[in-house]
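Protein sequence lines, in the order shown, are assigned to chains L and Y.
The letter at position 65 of the first sequence is residue 65 when you use the UniProt record's numbering, and the numbering goes up by one with no holes.
The letter at position 114 of the second sequence is residue 114 when you use the UniProt record's numbering, and the numbering goes up by one with no holes.
I have placed the structure first, in the form of structure tokens, so that the comments after it can refer back to it.
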Amino acid sequence: MPTELPSTRAGLDGLSAGSVPATHEPKPVDIAAADRVSGLDALELGPRKEKGNLAGRIWNSAWPKLLAIAIVIAIWQAVVLAEWKPIYVLPGPGTVFSDLRDLITTADFWDGVRLTLIRAFTGFLLAVAIGTVIGAAVSRFAPLRAAIGSLITGLQTMPSIMWFPLAILLFQISESAIMFVVIIGAAPSVANGLISGIDYVPRTWLRVGQVLGMTGLAKYRHLILPASLPSFISGLKQGWAFSWRSLMAGELLVIVPGALSIGVRMQQARDLSEASLVICYIIVVLVIGILIDVLFNTADNALRKRWGLTGS
Amino acid sequence: MSLAESAVVRLDGVSKQYGSGGNALLALDHVSLTVSKGEFVCLLGASGCGKSTLLSLVAGLDKISGGTLDIGGKHISLMFQEAALFPWLSVAGNVELALRLQGVGRAERKKRAEELLEIVRLGGFGGKRPHELSGGMRQRVALARALAQDADILLMDEPFGALDAMTRDILHDELERIWREQNLTVLFVTHNVREAVRLGDRVILLSSRPGRVIEDFTIDHPRPRRIDSTEVATQAAEITDRLRAEVARHAN
Chain L
1 MPTELPSTRA GLDGLSAGSV PATHEPKPVD IAAADRVSGL DALELGPRKE KGNLAGRIWN
61 SAWPKLLAIA IVIAIWQAVV LAEWKPIYVL PGPGTVFSDL RDLITTADFW DGVRLTLIRA
121 FTGFLLAVAI GTVIGAAVSR FAPLRAAIGS LITGLQTMPS IMWFPLAILL FQISESAIMF
181 VVIIGAAPSV ANGLISGIDY VPRTWLRVGQ VLGMTGLAKY RHLILPASLP SFISGLKQGW
241 AFSWRSLMAG ELLVIVPGAL SIGVRMQQAR DLSEASLVIC YIIVVLVIGI LIDVLFNTAD
301 NALRKRWGLT GS
Chain Y
1 MSLAESAVVR LDGVSKQYGS GGNALLALDH VSLTVSKGEF VCLLGASGCG KSTLLSLVAG
61 LDKISGGTLD IGGKHISLMF QEAALFPWLS VAGNVELALR LQGVGRAERK KRAEELLEIV
121 RLGGFGGKRP HELSGGMRQR VALARALAQD ADILLMDEPF GALDAMTRDI LHDELERIWR
181 EQNLTVLFVT HNVREAVRLG DRVILLSSRP GRVIEDFTID HPRPRRIDST EVATQAAEIT
241 DRLRAEVARH AN
């Protein structure tokens with residue numbers, strides 16, 4: 001059992017001698033201890049970091065990108081000036097950018113973008129739903145993992161364009177054929193992200209969960225799912241990349257009558273030998289890809305920052 | 001109150017064996033010990049004495065191979081060398097989770113978590129993320145989380161092992177104070193002899209491979225103690241000699 005504080009220690013603090021009843025802790029001793037603790041905390045936490053102003057930070061991250069774009073355009077212009085190919089096959093940046101400006105000011109173009117993005121999001125969301133269910137099931141049931149665990153990784157490495165002949169036979173030339181390939185391209189990545197996230201939940205966290213009395217659903221709700229989030233997000237990111245690629249391949253190959261998507265328009269431009277327009281669509285697809293990637297990276301970085309996984 | 005009535009945990013001839021046949025490893029061999037209510041008991045031993053195994057058994061994370069382990073349906077909390085706080089929750093969120101899992105209501109959780117952080121002198125840090133705190137502070141959050149479980153016994157597995165000497169010294173004072181103020185019962189595992197003597201009412205020395213109880217030292221120096229006081233140093237030297245003899249036994 002704890003013994004009383006030695007009187008020598010209490011005697012040091014003259015303030016408490018008369019005012020504090022004997023049954024209470026001598027306060028000044030506690031205050032000194034509190035000071036030691038908070039002093040140590042203050043020393044260990046170190047100074048707050050300066051973030052710098054917003055404009056400066058944006059400029060710092062933007063100028064290398066702008067410079068890279070400028071270099072690419074300069075090389076492109078140089079190749080055109082060198083007349084490596086006739087100008088109607090490889091038009092210069094000036095022609096392409098003025099065509100691009102004309103293109104993106106038409107409502108018709110945006111209808112095409114909308115159609116493609118709706119397909120992309122529908123396919124991706126279905127792939128996420130299916131991939132999540134499969135991933136959760138595989139990580140939960142050992143026989144299922146033994147059966148299809150390596151199959152999922154195998155599917156991931158399969159070039160999605162290989163699926164189109166079968167998809168067309170199964171679904172004819174239809175939206176379903178495109179969706180089928182988009183989903184089969186993206187779902188394995190999503191599933192794998194979730195599986196490895198669950199597999200690599202640190203052992204100490206699992207032990208803490210056990211000590212705190214987590215069982216069954218509560219364990220998934222409060223531990224497994226949040227802990228596997230970083231890996232799940234990289235799975236989503238990779239899944240998106242696969243579904244976007246599959247979709248572009250699909251739009252070039254499976255031309256559904258009446259659906260003027262980006263891929264179809266690009267194919268038409270090629271049929272009409274409009275090289276400038278083809279390059280315009282390449283740029284549009286690239287920009288959409290980059291924008292979506294920025295969204296995923298923002299989510300990823302926000303999470304890393306919250307978790308303290310960033311380098312700083 | 002007799003010893004039997006006040007016992008929180010009682011081990012009687014507990015053995016733990018890993019594997020079977022020729023590869024079997026006997027980690028604990030007929031270990032008997034009792035921890036009474038309000039006691040601070042330190043388990044001390046060299047590598048391979050199975051002290052962490054013993055805690056896992058008491059915590060119910062692992063099953064015993066022989067003997068009896070009686071915890072009488074009591075609640076147990078456990079702290080590790082790593083704070084193992086969940087990074088997706090704030091500091092207060094980590095403490096609240098322990099309360100939530102016991103079915104404490106939202107408003108009550110918030111209030112209680114604040115009190116607990118106040119106890120470990122981290123009031124006002126509830127909104128921070130675990131990674132924003134130092135190692136010593138994280139370990140105190142882990143202590144607050146363990147206290148939130150309102151367990152009958154707190155098991156600690158080298159909780160200060162990864163901290164620097166200065167921080168450890170201050171946390172010894174803190175743990176002693178909290179143990180006294182909250183009337184805790186603690187079973188504390190360490191390989192640091194002075195730490196054991198500094199903190200414990202009793203220091204139980206375990207042998208290595210297999211783990212057996214060699215001796216049960218009673219430490220009755222007045223509290224609060226200092227790790228550099230003569231009494232602590234003298235008794236630590238005595239125990240260290242026993243420990244050295246035990247380690248030397250494995251030389252052959």
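Ideal Cβ placement from N, Cα and C applies to all residues, glycine included.
| Check | Outcome |
| --- | --- |
| Per DSSP, the bridge partner or partners of Y/Arg-10 | Y/Thr-34, Y/Asp-70 |
| Short-range partners of chain Y found in the segment 193-213 of chain L, where Cβ spacing is below 7 Å | Thr-204, Trp-205, Arg-207, Val-208, Gln-210, Val-211, Leu-212, Gly-213 |
| Y/Asp-152 to Y/His-75 span [Cα, whole Å] | 5 Å |
| Cutoff 8 Å; reference Y/Ala-84; Cβ partners in own chain excluding five residues on either side | Ala-142 |
| CB contact flag (L/Trp-230, L/Arg-304, <9 Å) | In the sequence under discussion, the amino acid at residue 230 of chain L is Pro, which differs from the Trp named in the question. Cβ distance < 9 Å, so L/Pro-230 and L/Arg-304 count as in contact. |
| Beta-carbon proximity check, L/Ile-198 vs L/Ala-136, cutoff 9 Å | yes |
| Neighbour list for L/Val-37 in chain Y, Cβ cutoff strictly below 7 Å | Arg-121, Ile-170, Glu-174 |
| Y/Val-232 beta carbon near the ligand MG (any heavy atom closer than 8 Å) | Absent from the structure shown: the ligand MG. Ligands present: none. |
| Cβ pair Y/Val-91, Y/Leu-26 closer than 9 Å | no |
| Closest Cα partner of L/Trp-163 within the set L/Met-179, L/Thr-153, L/Arg-119 | L/Met-179 |
| Cross-chain neighbours of Y/Glu-82 in chain L, by beta carbon under 7 Å | Thr-204 |
| DSSP-derived helix/strand/coil call for L/Ala-147 | helix |
| Own chain residues within Cβ distance below 8 Å of L/Ser-261, not counting five before or after | Gly-112, Leu-115, Thr-116, Arg-119, Glu-251 |
| Closer than 9 Å to chain L by CB, Y/Thr-218 | no |
| Reference L/Ile-134, options L/Asp-35, L/Leu-103, L/Ile-195, closest by Cα | L/Ile-195 |
| Of the listed residues Y/Lys-16, Y/His-131, Y/Gly-127, nearest to Y/Leu-55 (C-alpha basis) | Y/Lys-16 |
| C-beta neighbour in chain L for Y/His-131, strict 9 Å | yes |
| Partner residues on chain Y for L/Asp-41, Cβ-Cβ distance less than 7 Å | Ser-134, Met-137 |
| Residue(s) in a DSSP beta bridge with Y/Tyr-211 | The residue you asked about is not Tyr; residue 211 of chain Y is Gly in the sequence shown. Paired residues: Y/Leu-28. |
| Interface partners of Y/Gln-149 on chain L, CB under 9 Å | Val-211, Leu-212, Gly-213 |
| Cut-off 7 Å between Cβ atoms - residues of its own chain near Y/Arg-138, not counting five sequence neighbours on either side | Ala-83, Leu-85, Pro-130 |
| Residues that L/Leu-229 contacts on chain Y, provided the C-beta gap is smaller than 9 Å | Trp-88 |
| Three-state secondary structure (DSSP) of Y/Leu-78 | strand |
| Reference L/Ile-255; option with closest CA among L/Trp-244, L/Val-138, L/Gln-268 | L/Gln-268 |
| Below-9 Å beta-carbon distance, L/Lys-27 vs any chain Y residue | Because the pLDDT at L/Lys-27 is just 47, under 50, the model does not fix this residue reliably, and the value given afterwards should be weighed accordingly. Cβ-Cβ to chain Y under 9 Å: no for L/Lys-27. |
| Min CB distance L/Pro-159 to chain A below 9 Å | Of the protein chains in the structure, L and Y, none is chain A. |
| Beta carbon of Y/Ile-239 nearer than 9 Å to that of Y/Leu-205 | yes |
| 9 Å Cβ cutoff met for Y/Gly-211 and Y/Val-31 | yes |
| Beta carbon of L/Ala-275 nearer than 9 Å to that of L/Val-89 | yes |
| Run of the alpha helix (DSSP H) containing Y/Leu-43, from where it starts to where it stops | Counting along the chain, Y/Leu-43 falls outside any alpha helix (DSSP H), though it belongs to the beta strand (DSSP E) covering 40-44. |
| Interface residues of chain Y facing L/Leu-45 [CB-CB closer than 9 Å] | Glu-132, Leu-133, Ser-134, Met-137 |
| Run of the beta strand (DSSP E) containing Y/Phe-188, from where it starts to where it stops | 186-190 |
| CA-to-CA distance, Y/Val-120 to Y/Val-178, given in whole angstroms | For the record, residue 178 of chain Y in the displayed sequence is Ile; it is not Val. Those two C-alpha atoms are separated by around 8 Å. |
| Chain-order list of residues whose beta-carbon lies under 6 Å from that of L/Leu-155 (same chain, five-residue window excluded) | Pro-188 |
| Under 7 Å (Cβ pairs) to chain Y, residues found in the segment 287-311 of chain L | Arg-306, Trp-307, Gly-308 |
| Any chain Y beta carbon closer than 9 Å to L/Leu-236 | no |
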